[in-house]
Amino acid sequence: MLTPREIAETAVRVLSDKQAKDIQVLRTTDVTVLADYFVICTATSSTHVKTLTDEVDGVLSNMGEPPLRREGYRGGGWILLDFGCVIVHIFQKEMREFYNLEHLWNDAEEVPLSSLRGPTA
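FYI, in the working numbering the residues of the sequence shown are 134 to 254.
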């Protein structure tokens, strides 16, 4: 069983490997009961959104951490993967700008990507 931070680190590594843009990690433990971390990124197309989603889902599922739910897969503009303690948000640029989760959760601590090591699958 992975820790919340290890799940977030793994998601970041997978997203980065698959060319996700503007990856951000918010530590939300002190501002909401929804999750300990939000991982947010931008994809370049609806196909890229689905590819990123499938890859994060597949890698973490193979590590024994399947998502509890997946929202938005059919639309392709914003997909949410809920791992319980970590929520991964994969957006197309326009949807990310519209919802602006970073502003909505601006009380959360931004985790520098350089501090994440990412366990290997």
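Don't be surprised by glycine CBs; every beta carbon is placed ideally from N, CA and C. Quick caveat: nothing in here was measured; it's all calculated off a predicted structure.
CB of residue i to nearest heavy atom of the ligand SAH: below 6 Å?
i      : result
Ile223 : Absence of the ligand SAH is noted for the structure shown, with no ligands found whatsoever.
Nearest to residue i by alpha carbon, out of the options?
i      : options                : result
Asp240 : Val164, Thr143, Gly217 : Val164
Ala144 : Arg207, His222, Val166 : His222
Leu135 : Met196, Gly209, Pro245 : Met196
Ala153 : Thr162, Ser179, Glu139 : Ser179
Thr162 : Ser248, Met228, Cys218 : Cys218
Determine whether the beta carbon atoms of residue i and residue j lie at a separation below 7 Å.
i      : j      : result
Val189 : Leu159 : no
Gln225 : Gly210 : yes
Pro137 : Tyr170 : yes
Val166 : Ala141 : no
Ala111 : Ile220 : This structure does not reach residue 111, given that the chain is present from 134 up to 254, and the question cannot be answered.
Based on the DSSP output, what are the partners of residue i in its beta bridges?
i      : result
Lys151 : The partner list for Lys151 (beta bridge, DSSP) is empty, contrary to what the question assumes.
Gly214 : Correcting the residue type first, residue 214 is Leu in the shown sequence and not Gly. According to DSSP, which records beta bridges pairwise, Leu214 is partnered with Arg203, Val221.
Val172 : Val158, Val221
Val166 : According to DSSP, which records beta bridges pairwise, Val166 is partnered with nothing at all.
Val243 : Residue 243 is actually Glu in this sequence, not Val. Note: Glu243 sits in a beta bridge opposite Leu159.
Assuming residue i and residue j make a contact with CB atoms under 8 Å, what is their CB distance in whole Å?
i      : j      : result
Thr175 : Asp155 : 5 Å
Phe216 : Leu246 : About 19 Å; that fails the 8 Å criterion.
Gln157 : Glu230 : About 14 Å; that fails the 8 Å criterion.
Cβ pair count under 8 Å reaching 3, the region 203–211 against the region 137–153: no
Contact between the region 179–199 and the region 233–245 (3+ Cβ pairs under 8 Å): no
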